[in-house]
Amino acid sequence: MIEKAVVVTNRLGIHARPATVFVQAAARFDADIFLSKGDVSRVNGKSIMGVMMLAAEQGAEVLVEAEGSDAQQAVERLAELLASDFEDKI
């Protein structure tokens, strides 16, 4: 299992559009992807509902976890995406 903590920088947090972008990016990897924030249970990073359930606001620390053949690449790319403002991705 590869994991990395990242702080959400988007001023609106991870709302519907950034969640969609994240899920689409996660779907490109074979690895199983999970996200967690504070007391929220681990959610499937390839599920739009799961990602939105995190309710990750600006400044929240989110743990990105991946397990599988391309887990390292997945964690690096998805952590980078969460740390971005998403403006150029939407």
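Heads up: the sequence shown is residues 235 to 324, going by the working numbering. Idealized CB from N, CA, C, for every residue including glycine.
Asked	Found
For the 8 Å Cβ check, are there 3 or more pairs between the region 280-294 and the region 304-314?	no
If distances are taken between C-alpha atoms only, which option among Ala253, Phe268, Ser275, Phe320 comes closest to Ala305?	Phe268
What number of angstroms, rounded off, separates the C-alpha of Gln292 from the C-alpha of Val274?	16 Å
What does the alpha-carbon distance come out to for the pair Met287 and Asp319?	19 Å
Taking Cβ to Cβ, would you say Val277 is nearer than 8 Å to Val242?	no
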